[in-house]
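Visitor:
In this note's numbering, the protein residues as written are 5 to 291.
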């Protein structure tokens, strides 16, 4: 059975006429008559009672009509799904980001342009973001480093100075800035391996010949914040990620350019995917 034959049967059965069925399909009446006849001959069945110009489905024709209605209703739903997704009136955008502060402005811009698209966000360090892009569990990534891996393309979005934050009882709390050398011997709480903030502060410390006392390595920003508040040590954070609160104080590093960057990335092979390109366009970037 060919789909065109079933479509001709369905058009005749729902309109009650070969002529109107042909008009509904925008084909000639002989074409519809031939296709229905082929269907009847192929399966040795009678699908219509023909009485003059009027046709009525037989019992088997009625049963086939029930099935054809289900098939073509599903076809219409599939077309609607594809059309709405292609026009981004629906769909699902999956974003992997190094942190909510880097991605929030971008997500708001995309949501305002495409309010019907669902957005889900996962967070981790820059390597986590690249891993999610590579295994197709994320469409776009917001990360703090440029990957040299040719599988990915990325564009710079913003840059942010790294600050040191401490609790209210620490001597730095009375300062607006410090020199890198003043971190010598300080109890320092670091992010996990793979964190771009960690790489930036460690690079600055090596360049200055400074050796702080690393007391913790923590993957969670929230745990680091609480540890600093409890006086365990000081920590480095991108200024855009620092959340002011009671008992916390941030100081800038005056004698070194310690910065992190926000880049938006995707798999090179997916740069022209409709959802991916729409995200870059919504934030005013070209990929």
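For every residue, glycine included, the Cβ atom is placed at its ideal position computed from N, Cα and C.
Which residues mark the beginning and the end of the alpha helix (DSSP H) in which residue 35 is found?
Guide: Counting along the chain, the alpha helix (DSSP H) containing residue 35 begins and ends at 33-47.
Visitor: Just mark residue 87 as buried or exposed, buried being the case when its beta carbon has 16 or more other beta carbons within 10 Å.
Guide: Exposed: under 16 other Cβ atoms inside 10 Å.
Visitor: Rounded to the nearest angstrom, what separates residue 11 and residue 270 at their Cα positions?
Guide: When rounded, the distance between both Cα atoms is 42 angstroms.
Visitor: I'd like the ranges of any beta strand (DSSP E) spanning at least 3 consecutive residues and lying wholly in the segment 105-188.
Guide: You should have 122-127, 144-147 and 156-171.
Visitor: Under the assumption that residue 258 contacts residue 182 (Cβ atoms under 8 angstroms), give the Cβ distance between them as a whole number of angstroms.
Guide: That pair is a contact at about 7 angstroms.
Visitor: Out of 49, 14, 41 and 274, which one is the CA nearest neighbour of residue 28?
Guide: Residue 28 has its Cα closest to that of 14, out of 49, 14, 41 and 274.
Visitor: Around the Cβ of residue 47, are there at least 16 other Cβ atoms within 10 angstroms (buried) or fewer (exposed)?
Guide: Counting Cβ neighbours within 10 Å, residue 47 comes out exposed, since fewer than 16 surround it.
Visitor: Give the straight-line distance between the Cα atoms of residue 49 and residue 84, rounded to the nearest whole angstrom.
Guide: Cα-Cα distance, rounded: 34 angstroms.
Visitor: Distance, Cα to Cα, residue 5 vs residue 23?
Guide: So the alpha carbons of these two residues sit roughly 22 angstroms apart.
Visitor: Which residue from 148, 129 and 155 puts its Cα closest to that of residue 140?
Guide: The residue with the shortest Cα to Cα distance from residue 140 is 155.
Visitor: By the DSSP assignment, the alpha helix (DSSP H) with residue 286 in it spans what residues?
Guide: That run of the alpha helix (DSSP H) goes 278-286.
Visitor: Checking 8 angstroms against the spacing of the C-beta atoms, do residue 37 and residue 51 come in under that value?
Guide: Contact flag unset, no.
Visitor: Going straight from the alpha carbon of residue 152 to that of residue 9, what length do you get?
Guide: About 55 angstroms.
Visitor: In whole angstroms, give me the CA-to-CA distance for residue 159 and residue 234.
Guide: For residue 159 and residue 234, the distance between alpha carbons rounds to 38 angstroms.
Visitor: Would you mind working out which of 128, 30 and 110 sits nearest residue 102, comparing C-alpha positions?
Guide: For the residues 128, 30 and 110, the minimum Cα distance to residue 102 belongs to 128.
Visitor: Can you name the start and end residues of the alpha helix (DSSP H) that residue 14 belongs to?
Guide: Segment 7-19, the alpha helix (DSSP H) holding residue 14.
Visitor: What does a CB cutoff of less than 6 angstroms around residue 283 pick up in its chain, not counting 5 residues either side in sequence?
Guide: Same-chain partners within the cutoff: 114 and 144.
Visitor: Would you say the segment 226-233 touches the segment 109-125, given that touching needs at least three Cβ pairs under 8 angstroms?
Guide: The segment 226-233, when compared against the segment 109-125, does not touch it at the 8 angstroms Cβ threshold.
Visitor: Label residue 56 either buried or exposed according to how many other C-beta atoms from any shown protein chain fall within 10 Å of its C-beta, with 16 as the threshold for buried.
Guide: Exposed: under 16 other Cβ atoms inside 10 Å.
Visitor: Looking at the structure shown, is residue 260 part of a helix, part of a strand, or coil, going by DSSP?
Guide: In this structure, residue 260 counts as coil in the three-state DSSP scheme.
Visitor: Check whether the segment 173-190 touches the segment 212-224, counting contact only when three or more Cβ pairs, one atom from each stretch, lie closer than 8 angstroms.
Guide: Touching, yes, given that three or more Cβ pairs across the two stretches are closer than 8 angstroms.
Visitor: With respect to the beta strand (DSSP E) encompassing residue 98, which residues constitute its N-terminal and C-terminal limits?
Guide: Where residue 98 is concerned, the enclosing beta strand (DSSP E) stretches over 96-101.
Visitor: Please state if the CB of residue 174 and the CB of residue 238 are separated by a distance shorter than 8 angstroms.
Guide: Yes, these two residues count as a Cβ contact at 8 angstroms.
Visitor: Please work out which residues of its chain come closer than 6 angstroms, Cβ to Cβ, to residue 200, disregarding the five sequence neighbours upstream and downstream, and give them in chain order.
Guide: Closer than 6 angstroms at the Cβ level, and outside the excluded window around residue 200, lie 130, 148, 149 and 264.
Visitor: The alpha helix (DSSP H) that contains residue 83, what's its start and end?
Guide: 63-90 is the span of the alpha helix (DSSP H), which, as asked, contains residue 83.
Visitor: Counting along the chain, where does the alpha helix (DSSP H) carrying residue 207 start and finish?
Guide: Residue 207 -> alpha helix (DSSP H) spans 200-212.
Visitor: DSSP state of residue 51, grouped into three classes?
Guide: If DSSP states are grouped into helix, strand and coil, residue 51 belongs with coil.
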